[in-house]
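Residue numbers (full-length UniProt numbering): 1 to 261.
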Ligand SMILES: Nc1ncnc2c1ncn2[C@@H]1O[C@H](COP(=O)(O)OP(=O)(O)OP(=O)(O)O)[C@@H](O)[C@H]1O
């Protein structure tokens with residue numbers, strides 16, 4: 001059964017204001033339809049500007065699509081006031097593209113991870129749940145009192161992941177979770193996501209422009225080009241025999257694979 005159902009999703013950005021009026025609107029997502037099953041690990045790849053982050057923001061109900069609908073377990077996801085989306089935030093969590101910028105600099109690591117649990121009124125002891133989540137991403141108690149500027153890029157990325165997984169979401173949506181990290185830390189972060197998925201059955205949607213990162217984690221890959229999904233198949237099949245010329249281009253541009261999914 002489908003966990004998330006996306007139907008005819010389209011989105012355009014409003015054209016910039018110019019002296020003589022407005023530039024034309026920029027269509028970014030063009031009538032996308034797909035299903036995500038519970039526990040699936042799905043990669044979304046494509047060149048820069050193909051619409052990956054916009055799609056993820058729409059899936060997170062952070063941007064209002066022009067048309068189309070998203071349903072989660074059959075229930076319509078309606079953009080609106082944060083309170084009306086509280087149920088959705090409990091089951092679908094997001095790790096943004098730039099974790100350092102997303103972490104409030106004045107808060108400690110412990111506070112950062114516990115804060116969403118309090119805000120969304122999750123029935124648990126926020127402190128111990130936060131500690132547990134941090135341990136599962138390999139950050140022990142010595143990190144609890146640190147602030148974001150006392151963390152490396154890889155540690156900040158893991159704090160952002162801990163913050164999301166402390167909620168025990170059914171799905172985790174991550175935008176370029178390893179870009180900007182060195183190869184060793186990349187492999188560690190991919191391992192954290194794989195463990196999470198295998199241990200708790202958490203579904204993962206991962207946006208990346210580098211198909212090798214997706215190949216290391218995701219069993220299904222969607223390839224985007226100019227706001228359309230041009231290929232959506234098992235990753236192993238795509239790697240063996242890409243159908244679309246754009247997929248072949250991405251594969252040629254990819255660095256060596258981290259590890260097979
Ligand atoms: N807030 C915005 N206002 C106007 N245009 C935007 C906005 N955000 C993105 N765009 C444009 O929409 C298109 C798709 O952007 P998006 O960030 O979704 O692509 P992407 O595939 O995630 O790219 P990247 O890999 O570089 O992050 C781009 O042409 C971008 O310039």
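Glycine residues also receive a C-beta, built at the ideal position from the N, C-alpha and C atoms.
Residue 124 sits in coil when the DSSP states are folded into three classes, being neither helix nor strand. Scanning the segment 48-77 from its first residue to its last, the whole alpha helix (DSSP H) runs of 4-plus residues come out as 52-59. If you check the C-beta of residue 213 against ligand 1, you find no heavy atom less than 7 Å away. Counting the other Cβ atoms within 10 Å of the Cβ of residue 59 gives 16 or more, which makes it buried. The DSSP-derived three-state label of residue 4 is strand.
When the Cα atoms are used, residue 68 and residue 174 turn out to be separated by approximately 22 Å. The set of residues whose C-beta lies within less than 6 Å of a heavy atom of ligand 1 reads, in chain order, 13, 26, 28, 46, 48, 49, 50, 51, 52, 53, 54, 209. For residue 94, no alpha helix (DSSP H) encloses it; the enclosing beta strand (DSSP E) starts and ends at 92-95. For residue 26, the uninterrupted beta strand (DSSP E) run begins and ends at 26-37, by DSSP.
Assigned with DSSP and collapsed to three states, residue 237 falls in helix. The beta carbon of residue 180 sits closer than 7 Å to the beta carbons of 153 from its chain, once the five residues preceding and following it are set aside; these are given in chain order. Counting the other CB atoms within 10 Å of its CB gives residue 224 a total of 16 or more, which places it among the buried residues. At the C-beta level, residue 42 and residue 72 stay beyond 8 Å of one another. Assignment of residue 172 by DSSP, reduced to helix, strand and coil, places it in the strand class. In this chain, the alpha helix (DSSP H) harbouring residue 252 covers 245-253. When the beta-carbon positions are compared, residue 10 and residue 29 come within less than 8 Å of each other. Between residue 6 and residue 34, the gap from beta carbon to beta carbon is short of 8 Å. A straight-line Cα-Cα distance of about 7 Å links residue 46 and residue 208. Nearest C-alpha to residue 126 among 191, 21, 134, 115: 115. Judged by pairs of C-beta atoms under 8 Å, the segment 134-148 touches the segment 156-169, as three or more such pairs exist. Going by C-alpha positions, residue 105 is about 44 Å away from residue 240.
With a cutoff of 8 Å on beta-carbon distance, residue 166 and residue 113 are scored as near each other. Contact between the segment 178-198 and the segment 16-23 is not established, with fewer than three Cβ pairs separated by less than 8 Å. Residue 11 carries a strand assignment under DSSP once its states are collapsed to helix, strand and coil.
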